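From first to last, the protein sequence lines stand for chains A and B.
So in my numbering, spot 256 of the first sequence is number 323, and the numbers just go up one at a time.
So in my numbering, spot 64 of the second sequence is number 131, and the numbers just go up one at a time.
Worksheet for the structure shown next.
Number of protein chains: 2
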Amino acid sequence: MGVLEILHMNKGVGETSYAMNCTVQSEIIATAKPIVEEAILKILCTNIPSSLGIADLGCSSGPNTLSLISQIIDIVHGKCNDLGCRSPELRVSLNDLPSNDFNNIFSSLPEFCRKLRVKKGAGFGPCFISGVPGSFYGRLFPSRSMDFMHASSSLHWLSQAPPGLESKDGLTMNKGKVYISKSSLSNVFEAYLEQFRKDMRLFLESRSEEMVAGGRMVLSLMGRSSFDPTTESANLWELLSQALVSLVNEGLVEEGKVDLFNVPYYAPSIDELALEIQSQGSFMIDRMESFRNGWDGGFKDVHGMSHGERVGKMVRAVTESMLASHFGRHVMDDLFDRYEKLIEDWYSNKNKTENLCVVVSLIRKD
Amino acid sequence: MGVLEILHMNKGVGETSYAMNCTVQSEIIATAKPIVEEAILKILCTNIPSSLGIADLGCSSGPNTLSLISQIIDIVHGKCNDLGCRSPELRVSLNDLPSNDFNNIFSSLPEFCRKLRVKKGAGFGPCFISGVPGSFYGRLFPSRSMDFMHASSSLHWLSQAPPGLESKDGLTMNKGKVYISKSSLSNVFEAYLEQFRKDMRLFLESRSEEMVAGGRMVLSLMGRSSFDPTTESANLWELLSQALVSLVNEGLVEEGKVDLFNVPYYAPSIDELALEIQSQGSFMIDRMESFRNGWDGGFKDVHGMSHGERVGKMVRAVTESMLASHFGRHVMDDLFDRYEKLIEDWYSNKNKTENLCVVVSLIRKD
């Protein structure tokens, strides 16, 4: 099974759910908000269209999904109020992979829309919200139908783990590791970069077909500040590799399973990202920024959890579907117990515990 | 909680699921197919648009949902092949209430689309499928965005049970019954008819905003052949009332609960339906037909089930969410055991066991 079938945030609202462990992603949305606001206001500054197509790519489910939509609606409504004109008809598309928990989003929509009507009053234009299941590495929406697109904390997921990490005689090139590591062969980095380039090109080509000329897109994704791909978020994967290897050492997981597993993830450097956008050619970079955010999403010990627990649960909420599919559901509790301890040690040893998040605001060329 | 929150077909694929008990609805789709085909071909006969907006209203989940979409795609693709031109971009919207099992539909889409690409070849597409949660008694889609809409076995569900079936002093007007019955006071019929009229008007007004001029809509719903509202499918509700009253008689359900419960359902006569369409005024009736279908959906005893079991399970799959919400989940097994026996007796006594299904094909006036 590919990423399409197995990658989804943990469902529901329990202890290991994404809904309860998405503080980091929520922080990223909050930090990128002024850039989203600027992009939308620039769309509205030339004229207020009668209908506005908006998409959130990789919307996931949980509190973040509708908070982003709510922000966008506030911006559009506020601007129209300032100008004394009627809000456009809003066509909001929530996209994620087919295995995303759309039922969870949809069940909260009646209350969301009721509150919206109360808050915005009669002048607020109709808002049509739909769910669009599918990979954003391919077409999702009708031609020239979108004015603004947004992808937060989703584009660092590749369409697949890079092929070719297994050599012809069945030996793997990334032994004991799940991502690019200091001990990985150099081909591992190249394979990841190549997959990122292919995917990003497909993403941009697809979006360019779907957007109107002058339409805008804000993407925020995990990145890195240096050429070295083993920095920042790569350390989180390094610790996960260590947790897996400790299970191998105790005979709880087969060694070959770890060697064969590589995460479909890539945190590009700012240069790599800019280069792909420029070389694909459909979009102009209006603004590009990066900021650091803590692994624990501004954790202040309010829930009585250690850093290790907090970060471990966040990674679990995001990666468990994938890891369980490869290693088996039965080792998940043990794996994440070990992982949390390794993260805790990492913190204790005063290592760096920050990710780099890159935000880029793009304009569809005419 | 209103119909919006509680009415949904039974989820999953278990014994009591809608997916396993939707033969009647499947039979209706099959019978109406030539009318759907005619409507779509008439849309395509003037010109092949570059993009075609199609909606299935009350799509539910299970095998019927995608079989209908598949039929429509076949018709469009076949016609374009005959003409030697490229298929239009298809925008397919699957609508149902927010509590519908959209996850179930979405998880089957990758395989559905894969098969479609294999079957249709390179000349096909693209086809964009989205889920639109919400009540069709209100706006669902952007203005003038739809070319063809379809609603099968869904429009006989009202937006709510008719208000006013409770008199001012708290006495109910429909004691011991869940639908219009021969023993109901005449106001009961009037209240139902009034609710149907309001809902149908709202439905037609909403769709008229959403459709392009010349767009077409095929609606198939339970109806009746005579003025008497206690015929055909009303007998199924009469037997359900009897099953509930037998629970009351044994002290398993409170009498008041049955008195207060009325199904949000109405099977209009052909005249009532035609009158509402004409009086709302946005649509022209191109074709209107009715046909009879058995309560058991052409059941041939292949599964070793009696008529009573078969029909009982079908009604259960459709109504359980609503009944469980009002009477409690704990009485459902007992209720449907009794219901199945009553249906079996009804069959044994050579009573009529047919519904009337009305199909109407409409054209959006210019």
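By construction, the Cβ of each residue, glycine as well, lies at the ideal position given by its N, Cα and C atoms.
Quantities reported herein were computed from a predicted structural model and do not represent experimental measurements.
Residue-level contact by beta carbon fails for R274 of chain B and chain A, as no gap is shorter than 7 angstroms. With its beta carbon less than 7 angstroms from one in chain A, V199 of chain B belongs to the interface.
Runs of alpha helix (DSSP H) with 4 or more residues, each lying fully within the stretch 167 to 228 of chain B, are found at 169 to 187, listed in chain order. In the displayed model, R274 of chain A falls within a helix according to three-state DSSP. The Cβ atoms of M213 of chain B and G282 of chain B sit closer than 7 angstroms to each other.
According to the DSSP secondary-structure assignment, T239 of chain B is paired through a beta bridge with B:E233. Beta bridge pairing from DSSP links D163 of chain B with B:P200. Using a C-beta cut-off of 8 angstroms, the stretch 339 to 349 of chain A makes contact with the stretch 255 to 274 of chain A, since at least three inter-stretch Cβ pairs fall below that distance.
A residue is called buried once 16 or more other Cβ atoms fall within 10 Å of its Cβ, and I352 of chain A, having fewer, is exposed. With a beta-carbon spacing of about 7 angstroms, S287 of chain B and V425 of chain B fall inside the 8 angstroms limit used to define contacts.
Per DSSP, the beta bridge partners of E156 of chain A are A:S118. Within chain B, the residues placing a beta-carbon under 7 angstroms from that of P165 of chain A are F173, S174, L176 and P177, ordered along the chain. The Cβ of P230 of chain B sits no closer than 7 angstroms to any Cβ of chain A. Against chain B, a Cβ distance below 9 angstroms from E156 of chain A picks out P209 and S210. Just so you know, the alpha carbons of P193 of chain B and S118 of chain A end up roughly 23 angstroms apart.
For the C-beta of F195 of chain B, the chain A residues within less than 8 angstroms are, from N- to C-terminus, V199, R206, L207, F208 and P209. Taking 7 angstroms as the cut-off between beta carbons, the residues of the stretch 115 to 140 of chain A near chain B are S118, in sequence order. Closest option to S137 of chain B, judged by alpha-carbon separation, among B:F179, B:G151 and B:I110: B:F179. With distances taken between CA atoms, N162 of chain B lies nearest to B:S219 out of B:P177, B:A97, B:S219 and B:L327. Excluding residues up to 5 positions away in sequence, L314, L319 and V320 lie with their Cβ nearer than 8 angstroms to the Cβ of V398 of chain B in the same chain. Relative to A310 of chain A, the option among A:D400, A:N360, A:S250 and A:L232 whose CA is nearest is A:D400.
Counting along the chain, L429 of chain B sits inside the beta strand (DSSP E) bounded by residues E421 to R431. When Cβ-Cβ separations below 7 angstroms define contact, N162 of chain B makes no contact with chain A. The Cβ of F215 of chain A sits no closer than 7 angstroms to any Cβ of chain B.
With the criterion set as a beta carbon lying under 7 angstroms from some beta carbon of chain B, the stretch 405 to 427 of chain A has no members that meet it.
Against F203 of chain B, chain A offers no close residue; the least beta-carbon distance is about 13 angstroms (beta-carbon pairs closer than 7 angstroms). At a cut-off of 7 angstroms between beta carbons, F169 of chain B contacts chain A. The three-state secondary structure of F294 of chain B, taken from DSSP, is coil. Here the C-alpha atom of S293 of chain A lies approximately 14 angstroms from the C-alpha atom of F256 of chain A. At the C-beta level, G375 of chain A and E407 of chain A come within 7 angstroms of one another. Under the three-state reduction of DSSP, L319 of chain B is assigned to coil, being neither helix nor strand.
Every alpha helix (DSSP H) stretch that sits fully inside the stretch 367 to 409 of chain B and reaches 4 residues is listed by chain position as 374 to 394.
With fewer than 16 other Cβ atoms inside 10 Å of its own Cβ, K186 of chain A counts as exposed. Between R158 of chain A and A280 of chain A the beta-carbon gap is near 18 angstroms, outside 8 angstroms, which marks them as no contact. Counting C-beta pairs with one atom in each stretch, the stretch 126 to 137 of chain A and the stretch 164 to 180 of chain A have three or more that are closer than 8 angstroms, which means they touch.
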